[in-house]
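Below you'll find the structure, written out as structure tokens, and then a few comments.
Numbering (my numbering), first residue to last: 3 to 785.
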């Protein structure tokens with residue numbers, strides 16, 4: 003380790019010997035028991051020389067390693083300097099008072115000041131006075147709160163030779179290595195923000211203007227196939243409401259023949275899987291015109307989780323379909339505006355082009371290698387522009403600008419370019435890199451959107467539904483007058499623009515009564531990527547006490563990269579619709595009570611005709627409902643089956659009473675006559691409208707699984723399940739009850755008889771449910 007302490011690095015034999023002698027003298031002086039003179043023996047001198055030679059080799063190796071490391075560090079520093087100076091973003095080091103301490107070339111270019119002048123100036127000198135507050139807030143956040151600060155400011159035209167423009171710059175700031183400085187990143191977002199906002203605003207308004215032009219509401223009850231239409235549905239279907247009931251067939255016939263089969267199949271498949279409906283179709287109007295409609299619907303479930311009806315809307319999207327075709331063309335034109343990368347040597351000769359260069363210009367890579375980019379000159383760009391470009395990049399600065407260039411086929415196109423120099427480890431420029439974008443189609447697109455913006459603004463103002471668009475923070479960037487009306491404000495100007503302000507005056511509730519927190523309002527849900535249609539809430543203005551119901555459609559807004567950049571929501575006041583629904587529910591309950599009373603009256607008539615079986619129908623209905631309940635049926639279905647039981651033998655009123663009350667076995671002829679009661683019951687009730695197929699159930703309640711029943715000899719599930727359950731209940735009650743021609747069978751004997759014919763004559767699921775009731779749950783026959 004002592005060798006490492008020698009600071010002298012000998013380079014020749016004389017120096018080496020001198021060093022050796024000095025080293026030897028030191029050894030003699032520091033050795034207590036040495037008896038040598040001031041001269042050393044040749045052997046010791048040779049050994050010392052050898053040691054020094056070894057040490058010299060070690061030092062030379064270390065020197066080479068240090069030299070190599072120094073070269074690597076210099077190279078890394080050069081690369082870092084290149085990245086730092088020529089990065090697309092500007093980098094600044096600021097003091098607490100915004101004084102600039104360091105800046106890269108991109109930052110000075112952005113600020114419009116020479117790099118040699120920028121240090122010592124204040125960032126506020128380059129910002130519009132109206133935006134000083136933003137700078138102060140950012141510095142306050144960084145230095146006081148020790149958090150990252152963000153903001154956007156506008157740069158001002160000033161004495162530093164800035165062009166007469168107002169660039170928009172994003173500032174990202176964080177605390178530096180020293181507590182008294184912060185690191186700042188500057189990004190010029192002027193063009194990016196203008197184009198992004200223009201495209202988003204135009205596309206969103208375009209879509210909203212068409213989607214909410216007019217709409218109708220419909221309901222579809224799956225069990226009864228009953229449809230309920232609003233007046234708008236008739237109009238949108240090209241139909242005249244003459245008082246007739248809407249039917250699926252009526253709607254089907256309004257669809258254009260070319261798509262009718264496909265649309266019906268799509269609806270049928272969605273309903274089969276209880277999926278949401280969302281489809282577009284064409285309808286034929288009486289005047290021969292063809293219109294486009296969009297229908298959206300979702301299933302509503304009962305307490306048992308079964309989808310028993312659909313509710314949805316129909317919207318006329320004829321204008322939107324035409325506009326969509328135009329938007330598709332414009333979107334494709336924008337997507338075909340690729341980024342081009344071109345690299346030249348220090349003399350401007352092309353060394354590399356990427357495939358996008360070839361796709362845009364028509365030149366292959368082989369055709370342009372070694373040539374100058376002047377092959378793209380159109381002759382329409384002033385010579386001074388090229389001179390300024392070459393002067394800028396030759397000095398190591400970044401040049402930004404636009405060209406009108408010429409493709410291989412002579413076609414002209416517009417390019418936006420950023421050109422910067424690459425320097426090697428010695429600081430010499432070795433290459434130039436150009437990043438280009440074909441903006442020809444973008445310019446055309448901006449012109450087209452500009453022409454349509456006035457029309458879109460007028461369409462948005464004419465909408466009756468509330469429409470509002472938010473940014474990614476949820477703050478409203480656009481909304482119509484209907485938005486103010488929907489939320490009970492006097493006008494648009496009185497509406498808060500910040501979403502967080504609304505919970506102070508507005509409460510949102512689910513229809514079940516639970517308060518909805520802000521994070522589950524429609525705007526935050528859309529910003530999370532969710533989409534909703536016909537989502538209903540009850541709203542309450544806490545300041546005025548006003549309450550109403552609203553139906554919302556919401557969706558996120560995506561940019562072309564697929565990122566969420568905002569949300570769009572439409573809302574409609576459905577308070578009147580809700581009130582009407584409550585009235586309808588009351589009417590339905592009244593009808594159900596009336597139907598039950600009617601069926602009870604029919605049962606009384608049958609019992610009066612056949613007093614010996616009095617109570618049979620009522621008991622059969624109760625037993626059938628209990629079996630169905632054991633099978634997992636909903637209470638609503640069980641009650642319906644119970645009502646069917648009340649009249650399942652209504653056909654017996656056509657059988658002579660003396661046969662029904664005969665105290666002996668019936669003759670074959672009499673038995674055949676009695677068997678007609680199932681068909682007679684069907685004939686009596688077939689033309690009476692009920693919410694369930696009572697007439698068919700009555701006709702089939704004497705059918706058997708093996709086809710041995712009557713009157714049709716149906717097998718298996720050819721008979722309705724209600725009829726198969728009723729058959730089990732009917733036999734059970736009949737065998738367990740007294741008849742004029744025989745005494746009652748015991749309950750065990752009755753159960754055994756039915757069980758022995760399980761699956762052969764009686765539905766196995768119904769039999770199993772009945773047996774569980776008696777053998778596991780202690781079931782007793784009703785009195």
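Note that beta-carbon positions come from the ideal geometry of N, C-alpha and C, so glycine has one too.
Residue i, enclosing alpha helix (DSSP H) - first and last residue
i: residue 556; result: Counting along the chain, residue 556 falls outside any alpha helix (DSSP H), though it belongs to the beta strand (DSSP E) covering 549–560.
i: residue 679; result: 679–687
i: residue 661; result: 659–662
i: residue 647; result: 637–648
i: residue 135; result: 134–145
i: residue 118; result: 117–120
i: residue 188; result: No alpha helix (DSSP H) contains residue 188, which is instead part of the beta strand (DSSP E) from 183–190.
i: residue 386; result: 385–396
i: residue 274; result: 259–274
i: residue 243; result: Careful: residue 243 lies outside any alpha helix (DSSP H) and carries neither H nor E.
i: residue 753; result: 749–758
i: residue 368; result: 367–370
Same chain, Cβ closer than 7 Å to residue i, five either side skipped, listed in chain order
i: residue 694; result: 642
i: residue 347; result: 353, 433
i: residue 254; result: 262, 266
i: residue 212; result: The predicted model places residue 212 with a pLDDT of 39, which falls under 50 and marks its position as unreliable; any figure quoted below should be read in that light. The residues are 319, 321, 322, 325.
i: residue 333; result: Note on residue 333: pLDDT 39, under 50, position unreliable in the model; the coordinate value appears next. Result list for residue 333: empty, nothing under 7 Å.
Contact with chain B by residue i, beta-carbon distance below 8 Å
i: residue 417; result: You won't find chain B in this structure, because it holds only one protein chain.
Residue range of the beta strand (DSSP E) that includes residue i
i: residue 402; result: 401–408
i: residue 1; result: Outside the modelled stretch of the chain, which goes from 3 to 785, sits residue 1, for which no answer is possible.
i: residue 535; result: 534–543
i: residue 572; result: 566–575
i: residue 284; result: 279–286
i: residue 315; result: 309–318
i: residue 377; result: Residue 377 -> no beta strand (DSSP E), and no H or E assigned at all.
i: residue 472; result: 468–472
Under the three-state DSSP convention, the category residue i falls into
i: residue 351; result: coil
i: residue 617; result: coil
i: residue 654; result: helix
i: residue 168; result: coil
i: residue 104; result: strand
i: residue 738; result: coil
i: residue 155; result: strand
i: residue 356; result: coil
i: residue 523; result: coil
i: residue 785; result: coil
i: residue 362; result: helix
i: residue 416; result: strand
i: residue 772; result: helix
i: residue 716; result: coil
i: residue 506; result: helix
i: residue 219; result: strand
i: residue 692; result: coil
i: residue 345; result: strand
i: residue 744; result: strand
i: residue 89; result: coil
i: residue 1; result: Absent from the structure is residue 1, since the part of the chain shown begins at 3 and ends at 785.
Heavy atom of the ligand COA within 7 Å of residue i beta-carbon
i: residue 270; result: Annotation note on the ligand COA: not contained in the displayed structure, which lists no ligands.
Inter-residue CB distance, residue i and residue j (contact presumed, cutoff 8 Å)
i: residue 553; j: residue 573; result: 7 Å
i: residue 303; j: residue 313; result: The pair is not a contact, with the Cβ atoms about 11 Å apart (cut-off 8 Å).
i: residue 438; j: residue 566; result: So it is not a contact: roughly 29 Å between Cβ atoms.
i: residue 188; j: residue 173; result: 6 Å
i: residue 645; j: residue 654; result: That belief does not hold up - the Cβ atoms of residue 645 and residue 654 are roughly 18 Å apart, past 8 Å.
i: residue 713; j: residue 680; result: 5 Å
i: residue 524; j: residue 556; result: 4 Å
i: residue 100; j: residue 141; result: 6 Å
i: residue 400; j: residue 70; result: Not quite, the Cβ-Cβ distance comes to about 32 Å (not below 8 Å), so this is no contact.
Contacts around residue i, its chain only, beta-carbon distance under 6 Å, and the 5 residues preceding and following it disregarded
i: residue 436; result: 344, 419, 421
i: residue 551; result: 540, 576, 577, 580
i: residue 133; result: 155, 156
i: residue 110; result: 117, 120
i: residue 622; result: 647, 731, 732, 735
i: residue 724; result: 643, 699
i: residue 715; result: 709
i: residue 486; result: 493, 494, 497
Beta-carbon proximity list for residue i, same chain, < 8 Å, skipping 5 on both sides
i: residue 337; result: A caution first: residue 337 carries a pLDDT of 39, below 50, which makes its placement in the model unreliable, though a value can still be read off. So the list reads 562, once near-sequence residues are dropped.
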